[in-house]
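Each residue of the sequence shown is one higher than the last, beginning at 15 in our numbering.
Below is one structure, written out as structure tokens; the observations come after it.
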Amino acid sequence: MSDERPSADRQVTVRRAVEEDDAALLAIEQVSWDASSGFPSYQDTLTDTFFARTGPDAHLVAEYDGEVVGYLRLQDKYPFPEGAGVLTINGLATAPTARRLGVASALLDAAAAEGVLRGARKISLHVHSTNAPARRLYERHGYVVEGTHPNEFLIEGDLIAALDMAKML
Numbered sequence: 015m016s017d018e019r020p021s022a023d024r025q026v027t028v029r030r031a032v033e034e035d036d037a038a039l040l041a042i043e044q045v046s047w048d049a050s051s052g053f054p055s056y057q058d059t060l061t062d063t064f065f066a067r068t069g070p071d072a073h074l075v076a077e078y079d080g081e082v083v084g085y086l087r088l089q090d091k092y093p094f095p096e097g098a099g100v101l102t103i104n105g106l107a108t109a110p111t112a113r114r115l116g117v118a119s120a121l122l123d124a125a126a127a128e129g130v131l132r133g134a135r136k137i138s139l140h141v142h143s144t145n146a147p148a149r150r151l152y153e154r155h156g157y158v159v160e161g162t163h164p165n166e167f168l169i170e171g172d173l174i175a176a177l178d179m180a181k182m183l
């Protein structure tokens with residue numbers, strides 16, 4: 015994206031990821047995670063390709079004015095039949111220049127629609143207890159806290175709880 019801040023009067027669109035999105039998604043990934051939202055050490059594990067861990071089929075991509083500005087990684091939560099119908103969000107990021115434009119909301123709405131298409135009954139996710147903006151976003155979209163893992167992570171000298179949140183479809 016350019017350095018110019020986009021205006022909220024334009025539309026955010028969501029589509030399935032394709033291989034050609036790799037560089038744009040990697041650029042978002044490289045600036046999206048910090049101590050408040052994720053794991054600072056994660057930056058050290060990034061490779062030169064976004065799709066190294068999971069392919070395009072696991073990702074929804076948000077565009078604004080034709081530019082990729084965010085993604086959501088949606089996967090089956092469990093690898094066995096008894097867990098069928100439960101999906102999990104294993105990553106949601108928005109380019110810093112496109113925040114507060116409804117990108118994350120559009121991605122969450124698209125994930126819920128995708129879940130319904132797949133016949134899922136539930137979408138779950140994990141969020142740091144200290145990430146208040148993300149928690150509020152998820153709550154606005156119908157996610158509720160299902161569990162708390164106290165002192166789950168030690169990030170920059172602070173013990174952080176992890177929250178399990180989920181939405182029934």
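Even glycine gets a Cβ: it sits at the ideal position worked out from N, Cα and C.
If you ignore the 5 residues before and after V32, its C-beta comes within less than 6 Å of the C-beta of P70, all in its own chain and listed in chain order. Short of 7 Å from the beta carbon of A38, and not among the five residues preceding or following it, lie these beta carbons of its own chain, in chain order: V82. Per the C-alpha coordinates, the member of H73, R135, T68 and S143 positioned closest to A124 is H73. Bounds of any beta strand (DSSP E) do not take in S143, whose DSSP letter is neither H nor E. Annotated three-state conformation of R135 is coil, per DSSP. With a cutoff of 8 Å on beta-carbon distance, N145 and S50 are scored as near each other. The three-state secondary structure of Y152, taken from DSSP, is helix. In the structure shown, E81 adopts extended strand secondary structure according to DSSP, grouped into three states. Among the bridge pairs identified by DSSP, I169 is matched with D172.
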